[in-house]
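Engineer:
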């Protein structure tokens, strides 16, 4: 049998709890409305945080004004403030004062913008101070807001780490500060951290993955922070396999070499050789069509890490040269001529087994037309056997691309150049050096 008195007590307790909750909600609403009527800031009334004060040599005390100027402008007698010193570093001192150079004034802790005086022990000159401001007004109150004040004689770089997606660079990439997370003491000095001049471009020797030390410094400070990063040489690749042209391609090349226009050039060569001025000169004509298919492995940066990728490359082209090899004195010869090259890439794509690291496939078409003038040492009267030559070469290159992702061509942009080439040909090999004179 249910006891009616017990049931009534439970009901009354629930009603009282409900009434208390409703009363608290009403007080909070009234307080919020009252705060809106007064017009104080809803938050941020304690002002900026953190605040950093640099220790000045010869000054024992430093003075700081806390709080918000906007809050002070809105405040009136109905708003009350209470500042508390919550924490301070060892060997450091803090006190409320009447102003810069003023005496201790405990009444400051009830003002919206109090003055504090901070100091540290001699030889230390570093400190951390934590204060909290509570604000109240008739009909309501608000939780306290914290302000951190740092005193330091020298800002320091605590740590520098690459941001997500920036754990790896490729040779020649630009390195910028926005690629790194910087932590300093005090905190807001990160904007003063800079890269040294020797750390603005990623650099790696030919082939494989290298480690490069970056150097950071803080403006106005002598200390240097060093960070090693991973750099890959993206021009290097390991040839896994290559394929020779098939029989049909060989027939096509043979047809080109025996074509009508090739015979016309050979006739021009014979006419040049028959001229009195060029009788002793070697007139050379070379026409070399080609077809290449390569399957290779290389590396690239993907989501901040060095990843292996497979490169497929297939292209056709032709190189042509018409030149004169004119004897000057003894084994010294003069060289002049014209050269041309065309190259069409049929396939050039990288395959990466990593989500989000797909490569854009572009099919470039390039051309190169140039003229050269130089001198050579040819003791065997056979430049292909043994010779040393130096040639100044000037020309124009052009290149445009077909982008398979956008199904569009990029416009051709001609580019001129002037360079010095030094070639050494010997029985078992060929070495070449080149210097840009004008690019």
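Numbering (our numbering), first residue to last: 3 to 441.
Cβ coordinates follow ideal geometry from the N, Cα and C atoms, glycine included.
Remember, predicted model here, so these are calculated numbers, not experimental data.
Would you kindly report the start and end of the unbroken alpha helix (DSSP H) that includes residue 76?
Structural biologist: Along the chain shown, read from residue 1 onward, the residue named residue 76 stands at position 74. 71-76 is the span of the alpha helix (DSSP H), which, as asked, contains residue 76.
Engineer: Would you list, in sequence order, the uninterrupted beta strand (DSSP E) runs of no fewer than 3 residues that lie entirely inside the segment 288-352?
Structural biologist: 307-331
Engineer: How many angstroms separate the CA atom of residue 423 from the CA atom of residue 221?
Structural biologist: In the chain shown, residue 423 corresponds to position 421, counting from 1. In the chain shown, residue 221 corresponds to position 219, counting from 1. In a straight line, the C-alpha of residue 423 is about 45 Å away from that of residue 221.
Engineer: Helix, strand or coil, according to DSSP, for residue 191 in the structure here?
Structural biologist: As a first step, residue 191 is located in the chain shown; it is residue number 189 there, counting from the start. Residue state for residue 191 is assigned as helix, using DSSP reduced to three classes.
Engineer: Along the chain, where does the beta strand (DSSP E) containing residue 140 start, and where does it finish?
Structural biologist: For the purposes of this step, residue 140 is taken as the residue at position 138 of the chain shown. Neither: residue 140 is in no beta strand (DSSP E) and is coded neither H nor E.
Engineer: Going by beta-carbon coordinates alone, are residue 80 and residue 115 separated by less than 7 Å?
Structural biologist: Taking the chain shown and counting its residues from 1, one reaches residue 80 at position 78. Taking the chain shown and counting its residues from 1, one reaches residue 115 at position 113. In this structure, residue 115 does not lie closer than 7 Å to residue 80 by Cβ.
Engineer: Which residues share a DSSP beta bridge with residue 421?
Structural biologist: On the chain shown, residue 421 is found 419 positions in, with the first residue counted as 1. Note: residue 421 sits in a beta bridge opposite 395 and 438.
Engineer: Taking one C-beta from the segment 83-96 and one from the segment 130-149 each time, how about it: are there three or more such pairs within less than 8 Å?
Structural biologist: yes
Engineer: Could you give the residue range of the beta strand (DSSP E) that holds residue 95?
Structural biologist: To locate residue 95, count along the chain shown from 1; it is residue 93. That run of the beta strand (DSSP E) goes 94-99.
Engineer: Note down the Cα distance separating residue 67 from residue 99, rounded to an integer number of angstroms.
Structural biologist: Counting from one through the chain shown, the residue named residue 67 turns up at place 65. Counting from one through the chain shown, the residue named residue 99 turns up at place 97. Rounded to whole angstroms, residue 67 to residue 99 spans 10 Å at the Cα level.
Engineer: Assuming residue 336 and residue 328 make a contact with CB atoms under 8 Å, what is their CB distance in whole Å?
Structural biologist: In the chain shown, residue 336 corresponds to position 334, counting from 1. In the chain shown, residue 328 corresponds to position 326, counting from 1. Sure, about 4 Å apart at Cβ, within 8 Å.
Engineer: Cα separation between residue 292 and residue 367?
Structural biologist: Reading the chain shown from its first residue, position 290 is the one you call residue 292. Reading the chain shown from its first residue, position 365 is the one you call residue 367. Looking at the two C-alpha atoms, the distance is approximately 15 Å.
Engineer: Whose CA, out of 212, 410 and 92, lies closest to the CA of residue 233?
Structural biologist: Indexing the chain shown from 1 puts residue 233 at position 231. Taking each of 212, 410 and 92 in turn and checking the Cα distance to residue 233, the smallest one comes out for 212.
Engineer: For residue 399, which residues from the same chain have a beta carbon less than 6 Å from its beta carbon, with the 5 sequence-adjacent residues on both sides left out?
Structural biologist: Residue mapping note: residue 399 aligns to position 397 of the chain shown, counting from 1. For residue 399, where only same-chain residues beyond five positions count, the Cβ hits under 6 Å are 370 and 417.
Engineer: Go through its chain and collect everything with a Cβ distance to residue 112's Cβ below 8 Å, but skip five positions before and after it.
Structural biologist: One-based indexing of the chain shown puts residue 112 at position 110. These residues qualify, in order along the chain: 82, 83, 84 and 85.
Engineer: Check residue 201 in the structure and name its three-state DSSP category.
Structural biologist: On the chain shown, position 199 is the one that residue 201 refers to. Helix, per DSSP.
Engineer: What is the DSSP secondary structure of residue 109, counted as helix, strand or coil?
Structural biologist: In the chain shown, residue 109 corresponds to position 107, counting from 1. In this structure, residue 109 counts as helix in the three-state DSSP scheme.
Engineer: Comparing alpha-carbon positions, which option in 313, 347, 376 and 311 lies nearest residue 330?
Structural biologist: The residue given as residue 330 occupies position 328 in the chain shown. Considering only alpha carbons, the answer is 376.
Engineer: What does DSSP give as the partner residue(s) for residue 231 in the beta ladder?
Structural biologist: Counting from 1 along the chain shown, the entry for residue 231 is found at position 229. Partner(s): 214.
Engineer: Using alpha carbons as the reference points, say which of 436, 108 and 70 lies closest to residue 45.
Structural biologist: The residue labelled residue 45 in the question sits at position 43 within the chain shown. Of the listed residues, the one whose Cα sits closest to residue 45 is 70.
Engineer: What residues in its chain sit with their C-beta under 7 Å from that of residue 379, if we drop five residues either side in the sequence?
Structural biologist: In the chain shown, residue 379 corresponds to position 377, counting from 1. Contacts found: 333, 334, 389 and 390.
Engineer: Can the beta-carbon of residue 162 be found less than 7 Å from the beta-carbon of residue 229?
Structural biologist: Your numbering for residue 162 matches position 160 in the chain shown. Your numbering for residue 229 matches position 227 in the chain shown. In contact: residue 162 and residue 229 (Cβ atoms closer than 7 Å).
Engineer: Which stretch, first to last residue, makes up the beta strand (DSSP E) that contains residue 170?
Structural biologist: As a working note, residue 170 is residue 168 in the chain shown. Segment 170-172, the beta strand (DSSP E) holding residue 170.
Engineer: Looking at the strands, I want to know which residues DSSP matches up with residue 366.
Structural biologist: The count along the chain shown starts at 1 and reaches residue 366 at position 364. 403, per the DSSP bridge assignment.
Engineer: Should residue 317 go down as buried or exposed, given a rule of 16 or more other Cβ atoms within 10 Å for buried?
Structural biologist: Taking the chain shown and counting its residues from 1, the one referred to as residue 317 is at position 315. When all chains shown are included, residue 317 counts as buried.
Engineer: Leaving out five residues on either side along the sequence, give the residues of the same chain with a beta carbon under 7 Å from the beta carbon of residue 310.
Structural biologist: Counting from 1 along the chain shown, the entry for residue 310 is found at position 308. Counting only Cβ-Cβ distances below 7 Å, and skipping sequence neighbours, we find 299 and 301.
Engineer: What's the C-alpha gap between residue 444 and residue 132?
Structural biologist: Limits of the chain in this structure are 3 at one end and 441 at the other, which puts residue 444 out of reach.
Engineer: Return the chain-ordered list of same chain residues with a C-beta closer than 6 Å to the C-beta of residue 76, the five sequence neighbours on each side being excluded.
Structural biologist: On the chain shown, residue 76 is found 74 positions in, with the first residue counted as 1. Excluding residues within five positions, the ones whose Cβ falls inside 6 Å are 41 and 42.
Engineer: Could you tell me the distance, in whole angstroms, from the CA atom of residue 295 to the CA atom of residue 322?
Structural biologist: Mapped onto the chain shown, residue 295 falls at position 293. Mapped onto the chain shown, residue 322 falls at position 320. Straight-line Cα distance between these residues: approximately 21 Å.
Engineer: Hey, residue 303 and residue 207 are a contact pair by Cβ (cut 8 Å); roughly how many whole angstroms apart?
Structural biologist: Numbered from its first residue, the chain shown carries residue 303 at position 301. Numbered from its first residue, the chain shown carries residue 207 at position 205. The Cβ separation is near 17 Å, so there is no contact.
Engineer: Could you tell me which residues DSSP puts in a beta bridge with residue 384?
Structural biologist: Translated into the one-based positions of the chain shown, residue 384 becomes position 382. Residue 384 is not bridged to any residue.
Engineer: Based on the DSSP secondary-structure assignment, which residues constitute the bridge partners of residue 164?
Structural biologist: Against the chain shown, residue 164 aligns to sequence position 162. Paired residue(s): 182.
Engineer: Can you tell me the Cβ-Cβ gap for residue 160 and residue 186, rounded? I've got them flagged as a contact below 8 Å.
Structural biologist: Residue 160 sits at position 158 when you count from the first residue of the chain shown. Residue 186 sits at position 184 when you count from the first residue of the chain shown. Correct: roughly 6 Å between the Cβ atoms.
Engineer: Which class does residue 432 belong to by DSSP, given the choice of helix, strand or coil?
Structural biologist: As a working mapping, residue 432 is identified with position 430 in the chain shown. In the structure shown, residue 432 sits in a strand (DSSP, three-state: E or B).
Engineer: Please tell me whether residue 217 and residue 198 are closer than 7 Å, where the distance is taken between their beta carbons.
Structural biologist: As a working mapping, residue 217 is identified with position 215 in the chain shown. As a working mapping, residue 198 is identified with position 196 in the chain shown. For residue 217 and residue 198, yes; Cβs fall inside 7 Å.
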